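To keep things clear, I will list the structure first and then write my remarks on it.
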Amino acid sequence: MSRMPYFILLVLAISFSDQALAQQVSGMFERPLPARMVVLYGTTGSEHPPLDSTAIQPDGRFTFGKTFEAPGFYQLGVNDSDRVDIILDPLEPAVEMAFHGIPLQRNLSVITSGENQRLWTYKGLSRQAQERASAIQQERLGASPLDTGLIRRLDREESALRVSLRNDLDSLAMLAPNGQFAFGVAVDHRLDAAIPLGRDSIREAFDFADPRTLRSAAFSKAVVTYLQSTAVEYEFSLHDACDSLLQFAERNAACWTYMRHHLVDIFATYGPDDLAQYLVDRYVVGAGSLYPPDPTLLEIAAAQMRMAIGAPAPDIELVRPGIKDTTMLSDVWPKHDHTAIFFYSSTCDHCHEQMPGLRQVVADELPEHFQLIGIALDATEEEFFATIAEESITWPSYTRLMGWGDQGAKDFNVKATPTIFVLDRQGRIAAKPRDHDELRAFLDKN
Numbered sequence: 002m003s004r005m006p007y008f009i010l011l012v013l014a015i016s017f018s019d020q021a022l023a024q025q026v027s028g029m030f031e032r033p034l035p036a037r038m039v040v041l042y043g044t045t046g047s048e049h050p051p052l053d054s055t056a057i058q059p060d061g062r063f064t065f066g067k068t069f070e071a072p073g074f075y076q077l078g079v080n081d082s083d084r085v086d087i088i089l090d091p092l093e094p095a096v097e098m099a100f101h102g103i104p105l106q107r108n109l110s111v112i113t114s115g116e117n118q119r120l121w122t123y124k125g126l127s128r129q130a131q132e133r134a135s136a137i138q139q140e141r142l143g144a145s146p147l148d149t150g151l152i153r154r155l156d157r158e159e160s161a162l163r164v165s166l167r168n169d170l171d172s173l174a175m176l177a178p179n180g181q182f183a184f185g186v187a188v189d190h191r192l193d194a195a196i197p198l199g200r201d202s203i204r205e206a207f208d209f210a211d212p213r214t215l216r217s218a219a220f221s222k223a224v225v226t227y228l229q230s231t232a233v234e235y236e237f238s239l240h241d242a243c244d245s246l247l248q249f250a251e252r253n254a255a256c257w258t259y260m261r262h263h264l265v266d267i268f269a270t271y272g273p274d275d276l277a278q279y280l281v282d283r284y285v286v287g288a289g290s291l292y293p294p295d296p297t298l299l300e301i302a303a304a305q306m307r308m309a310i311g312a313p314a315p316d317i318e319l320v321r322p323g324i325k326d327t328t329m330l331s332d333v334w335p336k337h338d339h340t341a342i343f344f345y346s347s348t349c350d351h352c353h354e355q356m357p358g359l360r361q362v363v364a365d366e367l368p369e370h371f372q373l374i375g376i377a378l379d380a381t382e383e384e385f386f387a388t389i390a391e392e393s394i395t396w397p398s399y400t401r402l403m404g405w406g407d408q409g410a411k412d413f414n415v416k417a418t419p420t421i422f423v424l425d426r427q428g429r430i431a432a433k434p435r436d437h438d439e440l441r442a443f444l445d446k447n
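Last residue of the sequence shown: 447 in my numbering, with the numbers rising by one and none dropped.
Right, here's the structure in full:
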């Protein structure tokens, strides 16, 4: 039976008669207090930069000194990682929250703010739906493939669950159709409907220059799906797609600067390298830069240029657990036409997927022509040596057992695993293949 009537009464109990153009954020924590400070985080696409912080008083109360005028999705948090989503809408004069324990998400009440009542009503309904969906999945796993009646019943239940949750969401949005919650719901619905239809439909459905969309997760979703919908019909298809996205965002400075940062970060992390370099050359340090880059973007751009094709590779120390003697990378690269450094992690599924192909590349190449070196971003000897045994790794592998704190990974600006660099005999970066197939293609040509 639907629980919506209860929630609607809860939401309607909040007064909307007193409207203002800015919003005060306050609340209280029950004892024991979880922290000394509470932080308000903004939302810029997929990022959540801290905007303000305030002390939690001995009685548990807190009030932010600033008022906030920009509508959108924000976060309140303690201890850095314990956070809850909130909506700020200047049409409401105040947001007041109460926290009854940790984690905050499971222990909150909205005292004042219809927008946040709707948000957290939906989150509660969504949590219930997820629990029921998980139970259906468990029942499905235990069902006999021959029990078609049970399977059909479970299919109907799953479908009804999705429809019910969608209807509940729409009902909540209709309670205040001009509010930020309803705006976010409408944007997400339009985007979801457009994605299967392709890139042009995404462009028509989503305004990349609306700062309200920037202060939600929908902005990054729209950017990524637009890129994914781009048919790579010629060499510069993705270059043109990035140009278009930046053009779409031009009407708003905040949207354009975030779009630039987001695109550079995506392609500097995942490649292709030439596209990351194009974005840096044109939009960060070139004539296409409409606004000065922020320090973080400059760091990304500097790292991209430092690790560009043709640049000298950093010389790093190669360390193996249980062996005192170490080797410098510069002692290795002069001995082979090409030396590939394979950064991986034993807990990375994509890394394991690459290993059979890499084994074959190593087997097919002459040692004087090619040497592969593995650098594991592992934390324990057990996982490091277990992967070597399980994957029958035949190439030299090293690790400092520092995970992502590995200095070599930092020097090579590794942001994701697997990552492969190919060096020539002079220690210059010759290629950055994305997988074993691209590595083989490079070696075949060189």
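Glycine included, each C-beta is placed from N, C-alpha and C at the ideal position. These numbers were taken from a predicted model, which means no experiment stands behind them.
Using the Cα positions of residue i and residue j, report the straight-line distance between them to the nearest angstrom.
i, j, result
"Trp396", "Ile342", "11 Å"
"Leu424", "Phe69", "51 Å"
"Ser82", "Pro50", "13 Å"
"Leu34", "Ala377", "40 Å"
"Arg152", "Glu159", "Note that residue 152 is Ile in the sequence shown, not Arg. The straight-line gap from Cα to Cα measures roughly 11 Å."
"Lys336", "Ile103", "57 Å"
"Ala309", "Gln278", "8 Å"
"Val85", "Glu251", "31 Å"
"Pro293", "Ala303", "15 Å"
"Met403", "Arg321", "12 Å"
"Tyr399", "Tyr345", "10 Å"
"Leu52", "Asn108", "23 Å"
"Leu89", "Leu155", "39 Å"
"Ala206", "Val186", "13 Å"
"Thr420", "Arg435", "7 Å"
"Asp407", "Leu319", "11 Å"
"Asp438", "Cys352", "14 Å"
"Val478", "Ala183", "Coverage of the chain is limited to positions 2 through 447, which leaves residue 478 absent and any answer about it impossible."
"Ser1", "Gly358", "The question about residue 1 has no answer, for the chain in this structure spans 2 to 447."
Cα-Cα, which of the options is closest to residue i?
i, options, result
"Gly28", "Ala210, Leu162, Ile112 and Ser135", "Ile112"
"Asp316", "Asp412, Val265, Glu391 and His370", "Asp412"
"Thr491", "Asp169, Ala95, Ser165 and Ala144", "Nothing can be reported for residue 491, as the shown portion of the chain is limited to 2 through 447."
"Arg261", "Ile421, Phe371, Gln181 and Gly46", "Gly46"
"Thr340", "Val79, Phe74, Ile430 and Val233", "Ile430"
"Ser270", "Thr418, Ser54, Arg426 and Phe63", "In the sequence on display, residue 270 carries Thr and not Ser. With distances taken between Cα atoms, Thr270 lies closest to Thr418."
"Arg37", "Pro197, Gln25 and Arg62", "Arg62"
"Gln118", "Met98, Phe220, Arg213 and Ala136", "Met98"
"Val79", "Val39, Asp282 and Ser221", "Val39"
"Ala380", "Thr348, Pro178, Gly150 and Cys352", "Thr348"
"Lys67", "Gln76, Phe30, Gln24 and Ile87", "Gln24"
Could you give the DSSP three-state label for residue i: helix, strand or coil?
i, result
"Ala206", "helix"
"Phe385", "helix"
"Gln25", "strand"
"Ser165", "helix"
"Asp445", "helix"
"Gly406", "helix"
"Gln278", "helix"
"Asn413", "Here residue 413 turns out to be Phe, not Asn, going by the sequence shown. Phe413: coil per DSSP, three-state reduction."
"Gln372", "strand"
"His437", "helix"
"Ser18", "In this prediction, Ser18 scores a pLDDT of 35, lower than 50, which makes its location untrustworthy; no coordinate-derived value is stated."
"Glu48", "strand"
"Thr113", "strand"
Starting from residue i, follow the alpha helix (DSSP H) in both directions and report where the run begins and ends.
i, result
"Pro212", "Pro212 to Leu215"
"Asp244", "Ser238 to Phe249"
"Met306", "Pro296 to Arg307"
Our contact map puts residue i next to residue j with C-beta atoms below 8 Å; I'd like the distance itself, whole angstroms only.
i, j, result
"Phe65", "Leu92", "Not quite, the Cβ-Cβ distance comes to about 18 Å (not below 8 Å), so this is no contact."
"Cys243", "Leu280", "6 Å"
"Phe74", "Thr44", "5 Å"
"Ile374", "Val415", "No, Ile374 and Val415 are not in contact; Cβ-Cβ is about 14 Å, not under 8 Å."
"Ala232", "Leu192", "Not confirmed; about 20 Å, so no contact."
"Val285", "Val265", "7 Å"
Got a sec, what are the start and stop residues for the beta strand (DSSP E) residue i sits in?
i, result
"Pro51", "Pro51 to Ala56"
"Ile88", "Asp83 to Leu89"
"Ala432", "Ile430 to Ala432"
"Val96", "Ala95 to Phe100"
"His339", "His339 to Tyr345"
"Gly66", "Arg62 to Phe69"
"Met260", "First-last for Met260: Ala254 to Tyr271, but that is the alpha helix (DSSP H), not the beta strand (DSSP E)."
"Tyr451", "There is no way to answer for residue 451, as the model of the chain reaches only from 2 to 447."
"Tyr42", "Met38 to Tyr42"
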